[in-house]
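Residue numbering for the sequence shown follows the working numbering, beginning at -6 and increasing consecutively.
Reviewing the structure listed below.
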Amino acid sequence: MTLASDVADFLRELKLDWLDAVYAGSIPQELAADTDSTVALVTEVIETPDEWNNNTFSALSQTAQVQIFYATNFGVPMQDVEVFLMKKFMSAGWTIAVSEPHDIDPDTKQVFKTLQFERTKNI
């Protein structure tokens, strides 16, 4: 498992009725132009050894990025779903590292939101 696939699985397990699909690493090319679905793209930002002791480490410092691409006809307040999602990550032991403002994808014209979450994972 990779960090991105772990976070993607976590999102899928939440069974969010407003989220149509979750992808780890990249959105499949044949689906990249789909503006009728709300999708999350999970990518890895950083994963470094942490908790050093006796010339070894016992944890990984991990940061994952979640980008939500909203369907053009999205009918739920975006802030509501984003706050709900951030609280779910926090309950699972993550902290919110970045919450960027909404932006517009230049290719699809979809509104998207970028969030980054970080945690220390004991190994």
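Ideal Cβ placement from N, Cα and C applies to all residues, glycine included.
In terms of DSSP beta bridges, what is P42 paired with?
L53
What whole-angstrom Cβ distance do A64 and T28 have, given they're in contact under 8 Å?
6 Å
Residue(s) in a DSSP beta bridge with T28
Beta-bridge pairing links T28 to no other residue.
Assuming L(-4) contacts E40 (C-beta within less than 8 Å), just tell me the rounded distance between them.
5 Å
Could you check the C-alpha separation between D10 and N48 for me, to the nearest Å?
46 Å
Note the first and the last residue of the continuous alpha helix (DSSP H) segment covering S84.
71 to 84
How far does the beta strand (DSSP E) with F110 in it reach, from first residue to last?
Its beta strand (DSSP E) spans residues 104 to 115.
What does the alpha-carbon distance come out to for the pair I97 and I61?
Rounded to the nearest whole angstrom, the CA to CA distance from I97 to I61 is 11 Å.
F82 versus E6: straight-line alpha-carbon distance, rounded
Their Cα atoms are separated by approximately 12 Å.
Taking the alpha-carbon positions, what's the M(-6) to E93 distance?
27 Å
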